[in-house]
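S.K.: This is the structure I want to talk about, given as structure tokens.
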Amino acid sequence: IGVGAFPNLLNWLIPLYGWRATYMVLGALLILVMLPVGYFFYQNRPEDFGLLPDGRKEESATTKGEHGATPAYVAEENWTLQEAIRTPIYWVFTAGLASISMLGTGLTFHMVSIFADAGLDAGLAAAAFVPVATTQALTNLGSGFLVERIRLRTLLALALALQALALWLAPHLGPGWFALLYGLNLGAVFGLQRTVSSVAWAKYFGRLHLGAIAGFSSTILVGASALGPMPMGIARDLLGSYTTTLNLLGFIPLVLAGASLFVDRPQRREEQ
């Protein structure tokens, strides 16, 4: 909802009140709305409430000790960060997710300019986020069901292939269905990325050191996201269009999609 609503809200507010006042309002909304929501509704491990991950059922999700009921944690293989970063799958998945963060942020950051180069106005660029958000939500929901039935690396490869398609579609936008197709495609990329990034580290490396493992990867993703808009902006200034740069950048996720199909679930040395 936010992805679809806020670009249109900003496109309406900024011409009326300026970007400074608009961003001050957004900051106030974060403090007044999201902070209380996070404080009152955020929960810790499902076992702390007598539940198990993914709706699994055991005879009892709690055990009784001398001090009463305590969570009965499901046995799982847990890796440390130092162990995880020695596996190929960690770096292939991190590189793939970083590619989506970097290039997806670049496309989002330059959305208005890309649409303008195609002869489309800022209002249509903002409206394109509605199909992006809709497809992202539906893809996130659908891939959540598929993640237990399809290998995670396949979903990552699909996300990367669709991102390559988005990069190659962007220089050729036009009014009507082509712009809609672009928005739907981009939304599918973001939806698949959200599912893969939410599941991968716990699935492959366990939850005991999940904060360190996911946090290290997230640091790389944030750095990649910050760098994303730069090459597109520089190329636009130097070459006068995004076409060449976007066509070349499309090969990055395509190569990573191929690599992701050949990585296996991590195994400890003694198991190999």
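For the record, in the sequence shown the residue sitting at position 148 is 969 according to my numbering, with numbers rising by one throughout. Built from N, CA and C at the ideal position, the CB exists for glycine as well.
#1: Would you check if there are 3 or more beta carbon pairs closer than 8 angstroms linking the region 923–936 to the region 982–1000?
#2: So, for residue 905: in the same chain, excluding its five sequence neighbours on each side, which residues have a beta-carbon less than 6 angstroms away from its beta-carbon?
#3: Can you name, in chain order, every residue of its own chain whose Cβ lies under 7 angstroms from the Cβ of residue 1023, other than the five neighbours on each side?
#4: Can you name, in chain order, every residue of its own chain whose Cβ lies under 7 angstroms from the Cβ of residue 939, other than the five neighbours on each side?
#5: Run through DSSP, which three-state label would residue 1085 get?
#6: Can you confirm whether the region 996–1011 touches the region 954–973 when touching is taken to mean that 3 or more C-beta pairs between the two stretches lie within less than 8 angstroms?
#7: Check for me: the alpha helix (DSSP H) holding residue 938 runs from which residue to which?
#8: Does the region 977–984 come close enough to the region 1060–1076 that 3 or more CB-CB pairs lie under 8 angstroms?
#9: Out of 921, 837, 850, which has the shortest C-alpha to C-alpha gap to residue 1045?
#10: Residue range of the alpha helix (DSSP H) that residue 974 falls in?
#11: Considering residue 1135, what are the terminal residues of the alpha helix (DSSP H) in which it resides?
M.R.: In brief:
#1: yes
#2: Counted from its first residue, the sequence shown places residue 905 at position 84. Around residue 905: 911, 1026, 1034.
#3: Indexing the sequence shown from 1 puts residue 1023 at position 202. Within the same chain, residue 1023 has close Cβ partners 1031.
#4: The sequence position of residue 939 within the sequence shown is 118, counting from 1. If we look at residue 939 and ignore the five residues flanking it on each side, its Cβ neighbours are 994, 995.
#5: On the sequence shown, position 264 is the one that residue 1085 refers to. Correct three-state label for residue 1085: coil.
#6: yes
#7: Start at 1 with the first residue of the sequence shown, and residue 938 comes out as number 117. Taken as a continuous stretch (DSSP letters only), the alpha helix (DSSP H) holding residue 938 covers 932–938.
#8: yes
#9: Counted from its first residue, the sequence shown places residue 1045 at position 224. Nearest option by C-alpha distance: 921.
#10: What you label residue 974 is simply residue 153 of the sequence shown in a count that begins at 1. Element bounds for residue 974: 973–990.
#11: Since the displayed the chain opens at 822 and closes at 1093, residue 1135 lies outside it and no answer follows.
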